[in-house]
Each structure stands twice: as structure tokens, then as C-alpha cells.
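Each step along the sequence shown adds one to the number in numbering that gives the first Met the number 0, with nothing skipped, and position 55 is 54. Data first, discussion second: the structure below is written as C-alpha cells.
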Amino acid sequence: MTDGQLDPKPTPLPNGRGDLVVVADAEALAREAADRFARLTSEAVAERGTAAVALSGGSTPRRMGELLATAEYRDRVPWERLEVFWGDERWVPESDPESNAGVARRTFLDQTPIASRQIHTFATEGIEPELSAIAYGARLRTIIGPADPAAGVPRLDLVLLGMGDDGHTASLFPGTAALGEESDLVVANPVPKLDAVRLTFSAPLINNARQVIFLIGGAAKAETLAAVLGGPEQPTKLPSQMIRPTDGRLTWLVDRAAAAQLRR
Ligand code: 6PG
Numbered sequence: 000m001t002d003g004q005l006d007p008k009p010t011p012l013p014n015g016r017g018d019l020v021v022v023a024d025a026e027a028l029a030r031e032a033a034d035r036f037a038r039l040t041s042e043a044v045a046e047r048g049t050a051a052v053a054l055s056g057g058s059t060p061r062r063m064g065e066l067l068a069t070a071e072y073r074d075r076v077p078w079e080r081l082e083v084f085w086g087d088e089r090w091v092p093e094s095d096p097e098s099n100a101g102v103a104r105r106t107f108l109d110q111t112p113i114a115s116r117q118i119h120t121f122a123t124e125g126i127e128p129e130l131s132a133i134a135y136g137a138r139l140r141t142i143i144g145p146a147d148p149a150a151g152v153p154r155l156d157l158v159l160l161g162m163g164d165d166g167h168t169a170s171l172f173p174g175t176a177a178l179g180e181e182s183d184l185v186v187a188n189p190v191p192k193l194d195a196v197r198l199t200f201s202a203p204l205i206n207n208a209r210q211v212i213f214l215i216g217g218a219a220k221a222e223t224l225a226a227v228l229g230g231p232e233q234p235t236k237l238p239s240q241m242i243r244p245t246d247g248r249l250t251w252l253v254d255r256a257a258a259a260q261l262r263r
């Protein structure tokens, strides 16, 4: 199946910002995301024998995860060939309700046939955040290997992202140090507004992926999405604008409520 046959159809965005796909509501968003997750991971496995994916945190992807664990989707995903990472993580134990990895395991991964050795979580206990970030970057290199040995940046097959109403994505928050990271793959990023440290992929790592999909839903995101996609370039204020895959596909998968302020 090609994108052209997908319904809803993608709309190319101006200034190379990728494609926009608008669906009716939260449930349609989750189903479209689950469909793409199944299709893209299957294509990656067919082409390269494995699929390296990075999940995002937050609430939006939860329903997608629930769907992936249902009989309707479970057999459409090549779980036995998947390598699962997270684009960011909170500095909490996996048992914490705030843990992105903990939520994903409890929401769907534990109900799928994926083996625990294929689930790569951040170490968030008994280690300093900076060392955990370095270790995670090394794990990415070991499991995925650099697409271009000279560049040394691992190339994920699929990175799922959310967007906060302040324009952050992963844990690349406005005005934070991680926005300037150009060489490290993963960093520990102090986020003053949260009074917390977050672990996050750097923009160069995300931008080296084959497929990047933003999953954005709800009216609360409408103003920010319009600013990100249609407003002036201001990536330090709107870090979601930093996401421009160098040799990959970028899709903004949004529901009607989040798309309400986009210019036609
Ligand atoms: C996180 C996420 C973060 C999230 C956005 C949107 O760890 O919180 O990675 O970037 O995707 O904050 O979150 P919602 O889906 O809950 O709106």
C-alpha cells in the first residue's frame, strides 16, 4: 500500500515541513497511527530484517498502543523483529505513572509477543542522568549501527513524536540546553519549567530517521500547531520546528480539533 492509497490523503506542507494528514478525532488518530506503525515496521523488516522504532511519551499515543495490542493489530506488527526505544524519558523509576517506558509496557508492550531483550529502556535509577544518556546513545549505536559509519548517527526506521502546547517535542523544551546539541545522540536536559531533568534524543538523531510521525490531537494544540507549521521560524521558542528529517519522511498526523487554526 502506498501513501497515495491511504485514506485520509496526505497534503504536502510548504517550506519542506513534510506532509499533513488530518483525521476526524482522537480515535481516528489512534487508528491511523496504529495502521502506520504496523505498515512501516513491516516494510522495514521486509527491507532490512529489523525495525528500530522510538516511541513518544505523553497521553496521545496511549490509545494507539492499546490498539496495537488488540487481535485486530497484534498480528500485523513484526514484534519478533522490532527494537523498541523511547525518544525521551522522565527521570523517574519505570514503576512511576510518569514513566514513558512504564506506561508503554503497561498499556500494550506487555500484551504483545515482543521479547524483553528487544525493549530498550533508559536507566533512571542508580546512575547519573548524564551517564544514562551516554549509555543510551551507545545502546542505539550497538543495536542499530550507524547507517553511515562516517557520520556515526544511527538511523531509526520510525520515530513517533508528540508536541506540547509550548511547542516542545520529545524533551526538547523551549530555551533549554538540549536544543543546541549537534553531536551527542541522547542528552540529559534540565527543564527549569518542570524543575526536572529529562532524557531526550537530540534533534540530529531524530532528523536522521527514515520516518518521523508527529501525533497531535485536541483543541489545546491548535494555536501552537498553526504557529509551528505556518508561523515564522523560531525553533528555540518552538522546538518542534527543529524536526526536519535530512533523508526521511515527516508526517504531521493530527485530528480536526488540533488542525482548526491551520490556514487552508
Ligand atoms: C513526554 C513526551 C512529550 C509529549 C508531549 C505531548 O515525555 O511527555 O515525549 O514530548 O509527546 O508533551 O504530550 P501529550 O500527548 O500528553 O499531549
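Think of the CB as a built atom: it goes at the ideal place given N, C-alpha and C, for glycine as much as any other residue. Computed from a prediction, not measured in an experiment: that's the story for all the values here.
Whole-angstrom distance between residue j and residue i, CA atom to CA atom
i	j	result
A25	G86	22 Å
E79	L160	23 Å
T1	H167	Residue confidence for T1 is low, a pLDDT of 43 falling below 50, so the modelled location carries little weight; the figure read from the coordinates is stated next. Spanning the two alpha carbons is a distance of roughly 30 Å.
T223	V152	30 Å
L193	P173	12 Å
R255	V83	29 Å
A53	Q260	29 Å
G17	I212	10 Å
A97	V21	In the sequence as presented, Ala is not what sits at residue 97; that position holds Glu. In a straight line, the C-alpha of E97 is about 28 Å away from that of V21.
G101	S94	6 Å
R75	L249	22 Å
R105	A176	31 Å
E65	F107	5 Å
Q4	R138	Confidence is the limiting factor: at Q4 the pLDDT is only 39, short of 50, which leaves the residue's position unreliable and the question unanswerable from this model.
E46	W90	35 Å
R209	W251	15 Å
I118	G125	19 Å
S115	S41	20 Å
Expected contact under 8 Å - CB spacing of residue i and residue j to nearest Å
i	j	result
N188	P244	Their Cβ separation, rounded to whole angstroms, is 21 Å, which puts N188 and P244 out of contact at 8 Å.
M241	A202	4 Å
A226	L214	About 18 Å separates the two Cβ atoms, so there is no contact after all.
Identity of the residue in the options nearest residue i by Cα
i	options	result
L155	L28, I242, A50, A32	A50
T59	A29, E88, L66, A33	A29
I247	P7, A33, L39	Note that residue 247 corresponds to Gly in the displayed sequence, not to Ile. Out of P7, A33, L39, L39 has the C-alpha closest to the C-alpha of G247.
I113	E97, G136, R73	R73
I133	D183, H119, I143	D183
P128	I142, E88, F107	E88
V158	R62, V22, L81, R75	L81
T123	L261, I142, A53, T199	T199
T120	A103, A218, T111, I143	A103
L171	G230, V44, A33, G56	G56
M63	T10, E46, A27, Q210	A27
G230	P9, K8, P13, P7	P13
T69	A258, L228, D109, N99	D109
Residue i: CB within 6 Å of a non-hydrogen atom of the ligand 6PG
i	result
F64	Checking the sequence, you will find Gly at residue 64 rather than Phe. The answer is no for G64.
A169	yes
S58	yes
N99	yes
D87	yes
S239	no
Cβ-heavy atom distance, residue i to the ligand ADP, below 6 Å
i	result
P11	As for the ligand ADP, it is missing from this structure, which binds only the ligand 6PG.
Problem set entry | 3 or more residues per run - each beta strand (DSSP E) lying fully within the stretch 208 to 249 | 210 to 215
For this session: Entirely within the stretch 69 to 107 and at least 3 residues each: give me those beta strand (DSSP E) ranges in chain order.
Result: 81 to 85, 87 to 89
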